[in-house]
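In the numbering used here, the protein residues as written are 2 to 554.
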Amino acid sequence: MSEERSLNFLEEIIEEDLKNGKYKSIVTRFPPEPNGYLHIGHASSICLNFGLTQKYPGYTNLRFDDTNPVTEETEYVESIKEDVKWLGFEWKHERFASDYFDTLYEYALKLIDKGLAYVDDSTAEEMAVMKGSPTEPGKDSIYRDRTIAENRDLFVRMKNGEYPDGSRTLRAKIDMAHINMLMRDPILYRIKHAHHHRTGDKWCIYPMYDFAHGQSDSIEEITHSICTLEFVPHRELYDWLIEKLEIYPSRQYEFARRNINYTVTSKRKLLQLVNENHVTGWDDPRMPTISGLRRRGYTPDSIREFCDRIGVAKRENMVDVGLLEFCVREHLNRIALRRMVVFDPLKVVITNYTGEEEILHSENNPEDEKGGTREIPFSAELYIEKEDFMENPPKKYFRLAPGQMVRLKSAYIIKCDEVIKDAAGTIAEVRCTYIPESKSGSDTSGINVKGTLHWVSVKHAINAEVRLYDRLFKVEDPTDEEGDFKEYLNPGSLEILSTAYAEPVLKNATLEERYQFIRKGYFVLDKESAPGKLVFNKTVGLKDAWAKEVKKS
RNA sequence: UGACCCAUGGUGUAAUGGUAACACUACUGAUUUUGGUUCAGUCAUUUAUGGUUCGAAUCCAUAUGGGUCAACCA
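Structure below.
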């Protein structure tokens, strides 16, 4: 029963290309620059590029656009590979633009020989002035009419390291009055005496994006080169270079990058958050990076589902982070093991419980019949959540209150008899009686209660640190606000509960398993956990109808 | 005062000249040993004005609104 899903505009183009025989199979690529960690926006691009070649015959390459040695590092290359793999995709070839530096150099020479490129000695400032503006044409450089021989000589000497950084550039000779600024003799190569993470000190000239990206696409015979909207004006130059170089005609297509509210997705801004210690690192669970989401407990499935649901189009957008949260809840509800953890304890003493203790059983996941059960120790002294007791409850409060009954999850129904307060008048403990015949699974009491609470046995509880996260920013679009985006950081984005009380099986928690702390939310073990010191990250909370109810009144 | 891209519920995406739909959100209600899940339902949409057409969200024109472009970044 495969439901008919409509095609996005790229799938339409591809199906047309396949149908009319332009291609028998397609080749796409995911082309990150290794100058930062991948974020949720990249996930869209990854799912798109790899998804297309899963749907249609062909393959996808992973290609690092490493043409700027001063910002790029091997650490980033490794993180990117890990993230793509974790998301569940396999690339055909792992390539680097730097693999093509020799070829690119030859291409440059070819352009020079065709009289289509020249060496310019102008400074960056001079060039900026001569560039003109969107409404004014630019002016030709005085170096524009050098002979082919002179250009060749100068360019070779640039490569040989005879000139300092910034002293000369190689530019395409197109049209300084072109309506498209990118066609006003764009720079092809610049001098940078910098150590490259892969080619070391072999080169001191490096190609610009426009002279590397399209050419790399062409070398790899990429059929559909998919990028974001800001590259639309580059397409004209992309095509011009392919035409003049007479190389494989890859074609560029653009889609709108996905923006998500209450966060930022710009490597530059994310790098700032890391460098200025607003977060603990690229993989801080509050970060919208793939590594942050992973540490936060998001699953690859849920991220892929999210990307699938938001789709692909060409219009500006701001996706509600609530959809991402919906996707992860949907997946986690199916796979998470249910556990009980009390965050803010209130002691309950069951006065008529005469036994020492007993072992109860509870299902690991009500959504999964084959999920099995776990053992939970029960005794006369328990912790429940402070917020689950009220001395003077409002109507429709289904939790514990004087004279009121509730069920303890997978255990007994209890009734509150007495509230014990300390000298200061704050509630110190609550005394209850339990209904012996109300035991979970063999309840003959005939009593129906509206509320069910999670709990842990005091003497069996183990300690755990719980880290609660909220959105990183207070406003939907920090970039759109007055002043610096960092002024809108949410000061309450991290709350650490150093001692929560967890049921004993959690002692064996693993990094791989996902948990639902009943009535609290979904959690995952953090990498900073150590034997004897459990640390859990909150992935996302459960929907909370009661909180909404309270808020209304 | 240029060129280019874009415009469908609150959000995202469909409808490819023929009944404006799906998902999320919000709101009701039912079920529930998680105020979770599940189920049933409700609210809500074509930027504007002209034109073409038997028929326009779709094609054309103009306007309006938003975005992009003047890094030796990608």
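Idealized CB from N, CA, C, for every residue including glycine.
If you're wondering where the values come from, they're calculated on a predicted model, not measured in any experiment.
N-terminal and C-terminal residue of the beta strand (DSSP E) that H362 is part of
358–364
One or two residues paired with F474 in a DSSP bridge
L490
Where G139 and L183 are concerned, what is the direct C-alpha to C-alpha distance, given to the nearest angstrom?
11 Å
Looking at C-beta atoms only, is the number of pairs between the stretch 252–260 and the stretch 306–319 that lie closer than 8 Å three or more?
yes
To test your reading of the DSSP string, which unbroken beta strand (DSSP E) runs of 3 or more residues are found completely within the stretch 250–292?
252–256
Can you tell me which residues form a DSSP beta bridge with I497?
R468
Would you say L490 touches the ligand GTP, meaning its beta carbon is less than 8 Å from a heavy atom?
The ligand GTP is not among the ligands present in this structure, which contains no ligands whatsoever.
C-alpha gap between V431 and G533, whole angstroms
30 Å
Closer than 8 Å is the cut-off here; do at least three beta carbon pairs connect the stretch 122–137 with the stretch 175–191?
yes
Determine the contact status of E74 and H235, defining contact as a CB-CB distance below 9 Å.
no
Find out if the Cβ-Cβ distance for the pair I448, M406 is shorter than 9 Å.
yes
Exposure label - P286; buried when at least 16 CB within 10 Å:
buried
Can you tell me where the alpha helix (DSSP H) holding M159 begins and where it ends?
149–160
Assuming S380 is part of the beta strand (DSSP E), what are its boundary residues?
374–380
Do A503 and R305 have their C-beta atoms closer together than 9 Å?
no
Answer yes or no: do P571 and P378 have a C-beta to C-beta separation smaller than 9 Å?
Lying outside 2 to 554, the shown extent of the chain, residue 571 is not represented and no answer is given.
For T500 and A531, I'd like the C-alpha separation in whole angstroms.
15 Å
Please classify P395: is it buried, with 16 or more other beta-carbons within 10 angstroms of its beta-carbon, or exposed?
exposed
Assigned exposure category for P58 - 16 Cβ within 10 Å defines buried
exposed
Contact the stretch 480–494 vs the stretch 448–460: 3+ CB pairs below 8 Å
no
Run through DSSP, which three-state label would L19 get?
helix
Which of helix, strand or coil DSSP assigns to Y60
strand
Smallest Cα separation from K115: which of A173, K549, D309, M159?
A173
Which term fits N393, buried or exposed, when burial requires 16 or more other beta carbons within 10 angstroms of its beta carbon?
exposed
Which partner residues of F406 appear in the DSSP bridge assignment?
Before going on, a small fix: residue 406 reads as Met here, not Phe. The partner list for M406 (beta bridge, DSSP) reads K416.
Below 8 Å, how does it come out for the stretch 510–521 and the stretch 331–345: are there three or more Cβ pairs, yes or no?
yes
Assign I291 to buried or exposed, taking buried as 16 or more other Cβ atoms, counted over all protein chains shown, within 10 Å of its Cβ.
buried
Every unbroken beta strand (DSSP E) within the stretch 304–348, with a cutoff of 3 residues, ordered by chain
338–340
In three-state terms, what does DSSP make of E4?
Low per-residue confidence applies at E4: pLDDT is 48, beneath 50, and the placement is therefore not dependable, though the value from the model is reported in the following sentence. Looking at E4 - three-state DSSP - the assignment turns out to be coil, as it is neither helix nor strand.
Under 8 Å by Cβ, that's how I've got S363 and K410 pegged, so tell me the actual separation to the nearest angstrom.
7 Å
If you follow the alpha helix (DSSP H) that Y77 is part of, which residue opens it and which one closes it?
75–87
With DSSP run on the structure shown, which of helix, strand or coil describes P208?
strand
Mapping the DSSP letters down to three states, classify T434 as helix, strand or coil.
strand
Which whole-angstrom value is the C-beta distance of I81 and P33, which I expect to be below 8 Å?
5 Å
Three-state secondary structure (DSSP) at A503?
strand
Could you spell out where the alpha helix (DSSP H) holding I243 opens and where it closes?
235–246
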